[in-house]
Amino acid sequence: SLRTFGSRYENSFTGLNNPYPTAESGAAGHWIFGTSNQLYIDLTGSATNLVENNTDPADDPVFALNTVTLKGAEAGLLSDISDTPDFTMCFVVKANATSTGKIIGGNLGFPSSVPGGNSFFISPGNEIRWNERSGAGLNTLVNSASIVGGGFYFIAASIDSSDNFILYAGDSTSPTVVTGTGAGRQVSTRKMSVGNVHYPDPTNFDGDTFACEAIFFNSAKTQAELAAIYSRSVSRMSARNITLQ
35 SLRTFGSRYE
45 NSFTGLNNPY
55 PTAESGAAGH
65 WIFGTSNQLY
75 IDLTGSATNL
85 VENNTDPADD
95 PVFALNTVTL
105 KGAEAGLLSD
115 ISDTPDFTMC
125 FVVKANATST
135 GKIIGGNLGF
145 PSSVPGGNSF
155 FISPGNEIRW
165 NERSGAGLNT
175 LVNSASIVGG
185 GFYFIAASID
195 SSDNFILYAG
205 DSTSPTVVTG
215 TGAGRQVSTR
225 KMSVGNVHYP
235 DPTNFDGDTF
245 ACEAIFFNSA
255 KTQAELAAIY
265 SRSVSRMSAR
275 NITLQ
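If you count by this note's numbering, then the sequence shown holds residues 35 to 279, one letter each, in order.
Laid out in structure tokens, this is it:
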């Protein structure tokens, strides 16, 4: 009877959704967020766990089942992952409208005189944008007309040492892709972050960021590789009851 019970228990347990999925191969850091990972444990097992950068308890992250809300300027999560000449970052975020901009992640800093750094952000006009300082500059990936309020989006930016970049937004029918070449890649000394760590200006970037997943690679990816990461992210998020746009 015990063996029968144990066998049935094993079958039932292995059929449950795994709250800690397999990390992306070759990732320097990979996190999923929510109440099941309040310690910000890295799925790769090799990156230092994320550290809360806020100093005011009022800005403490707020956990929901499968998201974490990161509040305002400099209250994001800091990683120990360095910028490199070839770099890729991927995020899954909830796109809530905001009256002020909100940084999704990266290492863009303030003031603008500091060279290097790149980040995704949602503008006050409710567009998903990417900015690489002193290089590719400002690019819009998803415009406001295409944003579904409260929708979940997979977005990625890959950039190489020659400042060739690919921006990718996953879509169930056809992705949005922006490509180009910047004026010159400048590797920043700032570590990568989720949410706003490096940009203290509350006038421009004080909105809350709703993060579901973050992945950093110390390598550039092709469009096909980004599409494959998106496909796997769809499966990871589906297991957590999140449907990507």
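Glycine residues also receive a C-beta, built at the ideal position from the N, C-alpha and C atoms.
Would you list the one or two residues that DSSP bridges to residue i?
| i | result |
| --- | --- |
| H64 | I249 |
| S2 | Past the edges of the chain, shown from 35 to 279, lies residue 2, and the structure says nothing about it. |
| N198 | T215 |
| K128 | F186, F244 |
| V176 | I162 |
| I193 | F121, F199 |
| T103 | V96, F244 |
| E86 | L111 |
| L73 | For L73, which the question treats as bridged, DSSP gives no partner whatsoever. |
| S222 | According to DSSP, which records beta bridges pairwise, S222 is partnered with nothing at all. |
| I156 | K136, I162 |
If you follow the beta strand (DSSP E) that residue i is in, where does it begin and where does it stop?
| i | result |
| --- | --- |
| V211 | 210-215 |
| I138 | 136-140 |
| R167 | Taken as a continuous stretch (DSSP letters only), R167 belongs to no beta strand (DSSP E), as it is neither H nor E. |
| F239 | Segment: none, F239 is in no beta strand (DSSP E) and carries neither H nor E. |
| I276 | First-last for I276: undefined, no H or E at that position. |
In its own chain, which residues sit with a C-beta less than 6 Å from the C-beta of residue i, not counting the 5 before and 5 after it?
| i | result |
| --- | --- |
| E247 | I66, V126 |
| R270 | P55 |
| E259 | none |
| F47 | Confidence at F47 is low in this model, with a pLDDT of 49, below 50, so its placement is unreliable and no value can be given for it. |
| S238 | The residue asked about is misnamed: residue 238 is Asn in this sequence, not Ser. Contacts found: G135. |
| V102 | F67, P95, A245 |
| L194 | The displayed chain sequence assigns Asp, not Leu, to residue 194. The answer, listed in chain order, is D120, A254. |
For the alpha helix (DSSP H) holding residue i, just list the boundary residues, first then last.
| i | result |
| --- | --- |
| A258 | 257-272 |
Cutting at 8 Å between CB atoms, please list the residues of its own chain near residue i, excluding the five before and the five after it.
| i | result |
| --- | --- |
| S168 | P149, G150, A217, G218, Q220 |
| D235 | A107, F144 |
| V182 | A129, Q279 |
Among the candidates the options, whose CA atom is the shortest distance from the CA of residue i?
| i | options | result |
| --- | --- | --- |
| N130 | E259, A170, D242, V96 | D242 |
| I137 | T118, F121, D120, N160 | N160 |
| G229 | A81, G63, L112 | L112 |
| T174 | R163, G183, I181 | R163 |
| N177 | S157, A191, R224, A170 | S157 |
| C124 | Y202, V231, K105 | Y202 |
| S192 | D120, A57, A61 | D120 |
| G204 | T256, Q279, Y233, G183 | Q279 |
| A190 | A262, V182, S180 | A262 |
| T213 | F199, E108, L77 | F199 |
With hydrogens ignored, establish whether the beta-carbon of residue i is closer than 7 Å to any heavy atom of the ligand HEM.
| i | result |
| --- | --- |
| R274 | For the ligand HEM, the structure offers nothing, since it holds no ligand at all. |
Leaving out five residues before and five after residue i in sequence, what residues of the same chain have Cβ atoms less than 7 Å from its Cβ?
| i | result |
| --- | --- |
| I280 | What is shown of the chain runs 35 to 279, which leaves residue 280 out entirely. |
| G60 | F251, S253 |
| Y74 | W65, N83, L84, L111 |
| L99 | G68, T69 |
| F97 | G68, T69, Q72 |
Item checked: Three-pair Cβ contact test at 8 Å for the region 70-90 versus the region 203-210 -> Counting Cβ pairs under 8 Å, fewer than three are found: no touch.
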